[in-house]
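J.:
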Amino acid sequence: MKYQFPEGFWWGSASSAAQSEGAAVQGGKAKTIWDHWFEIEPNRFHGQVGPAETSTFYQHYRQDIELMKQIGHNSFRTSISWARLMPDGVSVNQEAVDFYNNVIDTMLENGITPFIGLFHFDMPLLWQARGGWESRETVEAYEKYAEICFKLFGDRVACWMTFNEPVVVVEGGYLYDFHYPNKFGFRMAAQVAFNMMLAHSKAVRCYRRLKLAGRIGIVLNLTPSYPRSEHPADLKASFIADLFFNRAFLDPAVKGCYPEELVDLLKQHDQLPVYEADDLATIAEGKVDILGINYYQPRRVKARMTAICPDAPFMPDWFFENYEMPGRKMNPYRGWEIYEKGIYDILINLRDNYGNIDCYISENGMGVENEQRFIADDGQVKDDYRIEFIREHLKWMHQAIQEGAHCRGYHLWTFIDNWSWMNAYKNRYGFISLDLNTQIRTVKKSGEWFADVSRNNGF
Ligand code: GAL
1 MKYQFPEGFW WGSASSAAQS EGAAVQGGKA KTIWDHWFEI EPNRFHGQVG PAETSTFYQH
61 YRQDIELMKQ IGHNSFRTSI SWARLMPDGV SVNQEAVDFY NNVIDTMLEN GITPFIGLFH
121 FDMPLLWQAR GGWESRETVE AYEKYAEICF KLFGDRVACW MTFNEPVVVV EGGYLYDFHY
181 PNKFGFRMAA QVAFNMMLAH SKAVRCYRRL KLAGRIGIVL NLTPSYPRSE HPADLKASFI
241 ADLFFNRAFL DPAVKGCYPE ELVDLLKQHD QLPVYEADDL ATIAEGKVDI LGINYYQPRR
301 VKARMTAICP DAPFMPDWFF ENYEMPGRKM NPYRGWEIYE KGIYDILINL RDNYGNIDCY
361 ISENGMGVEN EQRFIADDGQ VKDDYRIEFI REHLKWMHQA IQEGAHCRGY HLWTFIDNWS
421 WMNAYKNRYG FISLDLNTQI RTVKKSGEWF ADVSRNNGF
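According to the numbering used here, the residues represented by the sequence shown are 1 to 459, in order.
1. Determine the DSSP secondary structure at H406, reduced to helix, strand or coil.
2. Could you give the distance in angstroms between the alpha-carbon of P114 and the alpha-carbon of Q70?
3. Would you report the Cα separation of Y522 and L347, rounded to the nearest angstrom?
4. S238 lies in the alpha helix (DSSP H); which residues open and close that run?
5. Should E369 be listed as close to the ligand ADP, given that the test is whether its C-beta is under 7 angstroms from any heavy atom?
6. Taking only three categories from DSSP, how would you classify K445?
7. Would you tell me roughly how many angstroms separate the C-alpha atoms of F38 and K426, rounded to the nearest one?
8. Shorter than 7 angstroms, the distance from the beta carbon of H393 to the closest heavy atom of the ligand GAL, or not?
9. Taking contact to mean at least 3 C-beta pairs separated by less than 8 angstroms, is the segment 42–59 in contact with the segment 19–28?
10. Do three or more CB pairs link the segment 196–213 to the segment 150–162 at distances below 8 angstroms?
11. State the start and end residues of the unbroken alpha helix (DSSP H) segment that holds N349.
12. Under 7 angstroms: does the beta carbon of Q19 sit that close to some heavy atom of the ligand GAL?
13. Can you name the residues that DSSP bridges to M330?
14. Pairing CB atoms from the segment 240–253 with CB atoms from the segment 221–230, are three or more of them under 8 angstroms?
15. Does the Cβ-Cβ distance between K329 and I343 come in under 8 angstroms?
16. Less than 8 angstroms between the C-beta atoms of Y333 and V381, yes or no?
17. If I follow the unbroken beta strand (DSSP E) through M161, where does it start and stop?
18. Would you kindly check if the distance between the Cβ of F150 and the Cβ of I112 is under 8 angstroms?
19. Just to confirm my understanding: we take G132, look at its own chain, exclude 5 residues before and 5 after, and list those with CB closer than 7 angstroms. What are they?
20. For Y176, which of helix, strand or coil comes out of DSSP?
21. Do you know whose CA, among D278, A83, L272, H406, lies nearest T32's CA?
22. How long is the line joining the alpha carbons of W449 and M397, rounded to whole angstroms?
23. In chain order, which beta strand (DSSP E) runs of at least 3 residues are fully inside the segment 173–233?
24. Would you give the residue range spanned by the beta strand (DSSP E) that E363 belongs to?
25. What did DSSP end up calling Q94 once you bin it into helix, strand or coil?
26. Quick one: grab the DSSP three-state call for N456.
27. Tell me whether E53, by its Cβ, gets closer than 7 angstroms to a heavy atom of the ligand GAL.
28. Can the beta-carbon of S15 be found less than 8 angstroms from the beta-carbon of N418?
29. Cβ of W34 versus every heavy atom of the ligand GAL: is any distance shorter than 7 angstroms?
30. Just how far apart, CA to CA, sit L266 and D251?
31. In angstroms with no decimal places, state the Cα-to-Cα distance between R299 and M325.
32. Between the C-alpha atoms of I104 and L434, what's the straight-line distance to the nearest angstrom?
33. Enumerated in chain order, which unbroken segments of the alpha helix (DSSP H) with a length of 4 residues or greater are wholly contained in the segment 258–293?
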């Protein structure tokens, strides 16, 4: 065994409610922004496949959890659907409580530690109608929802995650038009970012008051910024990109405060969000026990080569341009660069600049289009490319652990091929392939390989 991992290492995968449970409104679930957006703009979704057709975990969770065990999972993250648990925004849906109790208990019976998220892009439509994360009403509602979840399930959940990738909600919904509500405007985006971290902090504070046995954290997609060169202008571009896309969430989550440079920059451009007197004290209470890191790709940047149009609205892109490094390794289906060492750089940065906080890789993975072309005669997807992708990332993760980083586990995105927002089922990510017509599940070669890795705690 060349790469041996620390004892008790978490091996598993991640999914989310909206992407796996299926059928929009069964079981008393109310609509989310995804159900609504698909109704009004189905063409935005690959193949016009919407969120109702996700991979039927609601019906098949027992079978799925047994499959998780079969492929070596000792842990698994999914999320609770806020719209399912509290369809009218106030009262609790007993069918949802039963469902999540069953999911959690079945995981525990199978030796799988539950990691549960509270918000994974799936804003209930009713809260969006009242302003969503633009509004403090949603912040208060989320705090109540979080408390209800902690009280209902907190006796068995080892690890809670308040948010998944909050920056994606900001980018998608308020800057780059790939999530509902498809609005545009930086100050609003900043408000949404701030309100989410405020909601996060209130949930953390509430969790601590309840004195439950588990831990609480947040999942951030840390996308390290790499400058084109050591030229001061490139370095500055990379520093600022990192402020906007990583540190705007990482600093409050781990250090309990915002980076001064970010605050100064926003102040200078009159883009600061509005906040109340004691908000910053609340943010200071939001420091996490554990950080989940989603890592898919690096961000390569260079200094801007063109001037900003003076009439153009303020954007993070005022301060950098993307840099297409010649010869970079690409995942052509997703259009994302594959840079395995990024995982090491993230972990070393956390070790050196963020108190070596306890963390784990909460998502990493490779989406592949037309994956059925890799099905062999025995009916199995021979996804050697995915095995290689995981292995090369694990090697760098191992290196960082050897050098003292507190990385406690690795979860692949995802367990079973699932619905991926606007991309729907375009790219497949799972250890298990899903036949969309029959809903039949088949373990891929990578799933079998992962079972060995987990059993041996290394490879
Ligand atoms: C992540 C997200 C997941 C999944 C994945 C693959 O950003 O957290 O929900 O969609 O990307 O596209």
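Ideal placement from N, C-alpha and C gives every residue a C-beta, glycine not left out.
T.: The answer reads as follows:
1. coil
2. It is roughly 16 angstroms from the alpha-carbon of P114 to the alpha-carbon of Q70.
3. The requested residue 522 is not part of the displayed model; the chain covers only 1 to 459.
4. 232–242
5. Absent from the structure shown: the ligand ADP. Ligands present: the ligand GAL.
6. helix
7. 16 angstroms
8. no
9. Yes, they touch.
10. yes
11. 341–353
12. yes
13. E337
14. yes
15. no
16. no
17. 159–164
18. Not closer than 8 angstroms, so no.
19. The beta carbon of G132 is closer than 7 angstroms to those of M123, T138, P181 in its chain, skipping five residues each way along the sequence.
20. coil
21. Relative to T32, the option among D278, A83, L272, H406 whose CA is nearest is A83.
22. 18 angstroms
23. Within the segment 173–233, complete beta strand (DSSP E) segments of at least 3 residues are found at 215–221, 225–227, given in chain order.
24. 359–363
25. helix
26. Reduced to three states, the DSSP call for N456 is helix.
27. no
28. Yes. Within cutoff.
29. No - the ligand GAL has no heavy atom lying nearer than 7 angstroms to the Cβ of W34.
30. 16 angstroms
31. 10 angstroms
32. Answer to the nearest angstrom: the Cα atoms are 23 angstroms apart.
33. Runs of the alpha helix (DSSP H) lying entirely within the segment 258–293, each at least 4 residues long, are 260–268, 279–284 in chain order.
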